[in-house]
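If you're matching them up, the sequences are chains Y and F in order. Numbered as in this note's numbering, the first sequence ends at 366 without a single skipped number. Numbered as in this note's numbering, the second sequence ends at 366 without a single skipped number. What follows is one structure encoded as structure tokens, with my remarks underneath.
2 protein chains.
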Amino acid sequence: MSTASSLRNKAGRSSPVRDNHPRDNSGRATSYDVAKLARVSQSAVSRCFKPGASVSKSMRARVMKAATQLGYQPNAIARSLITRRSNMVAVVISQQTNQYYPEVLVELSRGFSGRGIRVLLFTLEHESDIDVLLDQILQYQVDGVVEAARLSSSQVEMIERRRVPFVFFNRTLHDRPVNAVCCDQSEGARWLVKRLVGAGHKTFGIISGPVDSAVSVERTQGALDSLTELGFKNTAVVIGDYSYDSGAAGLRSLEQKIGKLPDAVICANDVMAIGCMDEARFRYGLDVPKDISIVGFDGVGPARWSSYDLTTVAQPVQRMADAAVSMICERIANPELPPEKRMFSPVMVPGNSARLRRSVERS
Amino acid sequence: MSTASSLRNKAGRSSPVRDNHPRDNSGRATSYDVAKLARVSQSAVSRCFKPGASVSKSMRARVMKAATQLGYQPNAIARSLITRRSNMVAVVISQQTNQYYPEVLVELSRGFSGRGIRVLLFTLEHESDIDVLLDQILQYQVDGVVEAARLSSSQVEMIERRRVPFVFFNRTLHDRPVNAVCCDQSEGARWLVKRLVGAGHKTFGIISGPVDSAVSVERTQGALDSLTELGFKNTAVVIGDYSYDSGAAGLRSLEQKIGKLPDAVICANDVMAIGCMDEARFRYGLDVPKDISIVGFDGVGPARWSSYDLTTVAQPVQRMADAAVSMICERIANPELPPEKRMFSPVMVPGNSARLRRSVERS
DNA sequence: AAACCATCTGCCTTCGAATGCAAACCTTCG
DNA sequence: CGAAGGTTTGCATTCGAAGGCAGATGGTTT
């Protein structure tokens, strides 16, 4: 009797009707249901599902049997409320990022789930949506945020005020200390430019990505800076949108702008470089790389296809994702850790879409 | 005084210390904090954040001011607990799906977020992980599940017992009624085969996907059946893994198996078809489609690139994602809706990687 | 047999927001 | 002025699990 009446104090006081209806049956069972069936207290059930709790063998057996019988699974929502840990991290990713690096998301998800954490996905359509999104992210009480999209300084402040660990992926803020995992785009740009110049190219053209893409700006600016350093000023730049078509269109625009085709085209990503190559071959009837050199950035799958064999600089996406995961997890465990920026070097892929100087001494 | 003491009964009875410390400041504020600052009840705060609730203008103004001041955001976890709606749906997706259709995930996310629902991501590495995963999915109390991965009948039963609406994406179960959004792969296969045969091809080879891929089986079997119907028996089949390399390797295997290269190769996806094309061109020195016809399935971006211009059947991914979203949402609103299967026709893309019969009468 | 310790177990409160109910407050009108 | 009606508001309970505390149980020591 003491056991029975102790099940659910409310059941004791309020009308017994509540106690009768067996939770809609088949609907989800709660720890109280399991407790009742196993004739133990709700706390006992809770403890049985907590690894390392103090529970006798016989009790655990009884509870587990009842739990299986009812198909009981602990309610993570209720648990989150009391433990203040949702075991979810938000990943904010743009259509673009996912299109060109579908593995980013998968790697992040893999890394987090290995640590018992799930990814709550926030996809960005328009950059302006981020404000509403941010509120929502915080409402869901995520334990951390991976931000593969732009964020203003004030928005960062908002997250920081809430003490939610977060990491930028492939972007950063320079005016304040934040966690960030990046790939050194300008290092890649320098490598490309140096080898192109070394091979004797004289006129260059650049097809950038969207102006609001941080990565594109770094790549484009890095290339321009390197060119300037080496004496090539006023290099023509046209703006693309990372798509195949815009790579093709970019080549035509460059021809117009310069008055002829450049010797070498530096594209802010591989897909545009591929579009550019196809345009050079099929529309201009050129041989790549004999007649024109075309290089890209990213190291995506198609860059390795025989038809292209692109000269590019690849990002170590998997290692970057791993880094982001562990940075977040460390900061969930210890919120006091200071911000950290981790910069990875790109991997140079010589390929065969550009004439390069044979070898390059260490800069 | 009545207001003050009514804030949180616990504050009244237990030690006043709890009431004093202002919730760690800067940490997240609760509706009680807002209530206290605005000198109203917690219920009032709750109502101010519920659209359509009965609240006077003056109260709403005061509450909103206090909320802004404290940076209050309602706790979605707590809300979910009481409303029994988490506003999250699980999307189970395999590495593979996301690799070849990154837009599936984005489209699903877009569709759901338009209805105030967020995507909780579950990525599959090994198919066997699904058991553990399923438990976890249910623990998170998601309002629905989109399953872009295989699931056994018993696993389906488990979800159904919990009364969680779910939809299969591009797969289905034939032995029980379930919700599913599919693309008619065999219709696509039939179209391809018919036109290839019509154009006079005599020997065929098939490069299938992984044997455990439902989509691959449908495509491969569909092609085999159509071929048999038209009098071509014992078509050679080799097994690939959907990758570029396996498409290339597949062509070599077919040559070995048949003793010569087939007139036409049907690949279970576009990426293998592309690998196969590159192999035919660069290793065998063939002209595609003059010397050999190569076709694929999917209609992914690269299939449209000038270097390939693949003959393929495309899946209307966006429409399929929309369908999945609305099927889930309808069933969240009304769990009694009977299961439904929605089958989309693929879009035929003639391309230029195969010699096809000019036109085809309606079958 | 008493004293002591370790191990289990149950009681009760807690997390933060939603909501049925009733009390309080306004309007309006007879 | 008071009754009737509608509108605001607060009270108290609820969702489901976690965990501090204390009581119960069992075993060991003196």
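The beta-carbon is built from N, C-alpha and C at its ideal position, and this holds for glycine as well. Note that the structure is a prediction, hence the values are computed from the model and not measured.
Taking residue i as the query, report the chain Y residues whose CB atoms sit under 7 Å from its CB, ordered along the chain.
| i | result |
| --- | --- |
| residue 144 (chain F) | 78, 79 and 80 |
| residue 52 (chain F) | What residue 52 (chain F) touches in chain Y: nothing, since even the nearest Cβ is about 10 Å away. |
| residue 305 (chain F) | 305 |
What residues of chain F sit near residue i, judged by a beta carbon separation below 9 Å?
| i | result |
| --- | --- |
| residue 295 (chain Y) | Those do not exist, as residue 295 (chain Y) stays about 16 Å from chain F at its closest Cβ, beyond 9 Å. |
| residue 285 (chain Y) | 309 and 310 |
| residue 42 (chain Y) | Those within 9 Å of residue 42 (chain Y) in chain F number zero; the least Cβ separation is about 24 Å. |
| residue 113 (chain Y) | 98, 126 and 128 |
What is the rounded straight-line gap between the Cα of residue i and the Cα of residue j?
| i | j | result |
| --- | --- | --- |
| residue 356 (chain Y) | residue 281 (chain Y) | 11 Å |
| residue 333 (chain F) | residue 121 (chain F) | 16 Å |
| residue 345 (chain F) | residue 114 (chain F) | 17 Å |
| residue 104 (chain F) | residue 58 (chain Y) | 47 Å |
| residue 216 (chain F) | residue 343 (chain Y) | 42 Å |
| residue 146 (chain Y) | residue 89 (chain Y) | 6 Å |
| residue 167 (chain Y) | residue 96 (chain F) | 27 Å |
| residue 21 (chain F) | residue 54 (chain Y) | With a pLDDT of 32 at residue 21 (chain F), under the threshold of 50, the predicted position of this residue should be treated as unreliable, though the coordinate-derived value follows. Whole-angstrom Cα-Cα distance: 30 Å. |
| residue 44 (chain Y) | residue 61 (chain Y) | 14 Å |
| residue 79 (chain F) | residue 303 (chain Y) | 38 Å |
| residue 223 (chain F) | residue 249 (chain F) | 16 Å |
| residue 298 (chain F) | residue 285 (chain F) | 17 Å |
| residue 246 (chain F) | residue 276 (chain F) | 9 Å |
| residue 200 (chain Y) | residue 310 (chain Y) | 25 Å |
| residue 70 (chain F) | residue 306 (chain Y) | 51 Å |
| residue 359 (chain F) | residue 198 (chain F) | 5 Å |
| residue 203 (chain F) | residue 189 (chain Y) | 54 Å |
| residue 8 (chain Y) | residue 339 (chain F) | Residue confidence is low: residue 8 (chain Y) scores 33 on pLDDT, short of 50, so the model does not pin down where it sits. Its coordinate-derived value is still stated next. Spanning the two alpha carbons is a distance of roughly 36 Å. |
| residue 51 (chain F) | residue 67 (chain F) | 8 Å |
| residue 318 (chain Y) | residue 301 (chain Y) | 6 Å |
| residue 28 (chain Y) | residue 48 (chain Y) | For residue 28 (chain Y), the pLDDT reaches just 48, beneath the cut-off of 50, and the residue's location in the model is therefore unreliable, although a value from the coordinates is still provided. So the alpha carbons of these two residues sit roughly 19 Å apart. |
| residue 38 (chain Y) | residue 175 (chain Y) | 50 Å |
| residue 85 (chain F) | residue 112 (chain Y) | 29 Å |
| residue 184 (chain Y) | residue 106 (chain Y) | 16 Å |
Please list the partners that residue i has in chain F, where partner means a Cβ-to-Cβ separation under 8 Å.
| i | result |
| --- | --- |
| residue 188 (chain Y) | None at all; the shortest Cβ gap to chain F is about 22 Å. |
| residue 83 (chain Y) | 80 |
What do you get for residue i, buried or exposed, if any count of 16 or more other CB atoms within 10 angstroms of its CB means buried?
| i | result |
| --- | --- |
| residue 42 (chain F) | exposed |
| residue 177 (chain F) | exposed |
| residue 288 (chain F) | exposed |
| residue 134 (chain F) | exposed |
| residue 160 (chain F) | exposed |
| residue 336 (chain Y) | exposed |
| residue 353 (chain Y) | exposed |
| residue 25 (chain Y) | Interpretation of residue 25 (chain Y) is limited by its pLDDT of 41, a score under 50 that renders its predicted location unreliable; no figure is taken from the coordinates. |
| residue 110 (chain Y) | buried |
| residue 144 (chain Y) | buried |
| residue 119 (chain F) | exposed |
Could you spell out where the alpha helix (DSSP H) holding residue i opens and where it closes?
| i | result |
| --- | --- |
| residue 231 (chain F) | 217 to 232 |
| residue 285 (chain F) | 273 to 285 |
| residue 115 (chain F) | 105 to 116 |
| residue 288 (chain Y) | Per DSSP, residue 288 (chain Y) belongs to no alpha helix (DSSP H) and is neither H nor E. |
| residue 190 (chain F) | 188 to 201 |
| residue 160 (chain Y) | 156 to 164 |
Note down, in chain order, every chain F residue with its Cβ under 7 Å from the Cβ of residue i.
| i | result |
| --- | --- |
| residue 277 (chain Y) | 308 |
| residue 105 (chain Y) | 101, 102 and 105 |
Please state whether the Cβ-Cβ distance between residue i and residue j is less than 8 Å.
| i | j | result |
| --- | --- | --- |
| residue 351 (chain Y) | residue 316 (chain Y) | yes |
| residue 173 (chain F) | residue 108 (chain Y) | no |
| residue 268 (chain Y) | residue 295 (chain Y) | yes |
| residue 94 (chain Y) | residue 151 (chain Y) | yes |
| residue 272 (chain F) | residue 212 (chain F) | yes |
| residue 65 (chain Y) | residue 165 (chain F) | no |
| residue 132 (chain F) | residue 76 (chain Y) | no |
| residue 209 (chain F) | residue 240 (chain F) | yes |
For residue i, report the span of its beta strand (DSSP E) as first-last.
| i | result |
| --- | --- |
| residue 127 (chain Y) | 121 to 127 |
| residue 301 (chain F) | 296 to 301 |
| residue 53 (chain Y) | Residue 53 (chain Y) -> no beta strand (DSSP E), and no H or E assigned at all. |
| residue 32 (chain Y) | Segment: none, residue 32 (chain Y) is in no beta strand (DSSP E) and carries neither H nor E. |
| residue 315 (chain F) | 314 to 317 |
| residue 205 (chain F) | First-last for residue 205 (chain F): undefined, no H or E at that position. |
| residue 344 (chain F) | 344 to 347 |
Under 7 Å: does the beta carbon of residue i sit that close to some heavy atom of the ligand ADP?
| i | result |
| --- | --- |
| residue 316 (chain F) | Judged by which ligands are present, the structure shown has none, so any question about the ligand ADP falls away. |
Just to make sure I have the definition right: I need the residues of chain Y whose C-beta is within less than 8 Å of the C-beta of residue i. Which are they?
| i | result |
| --- | --- |
| residue 121 (chain F) | 123, 124, 125, 139 and 143 |
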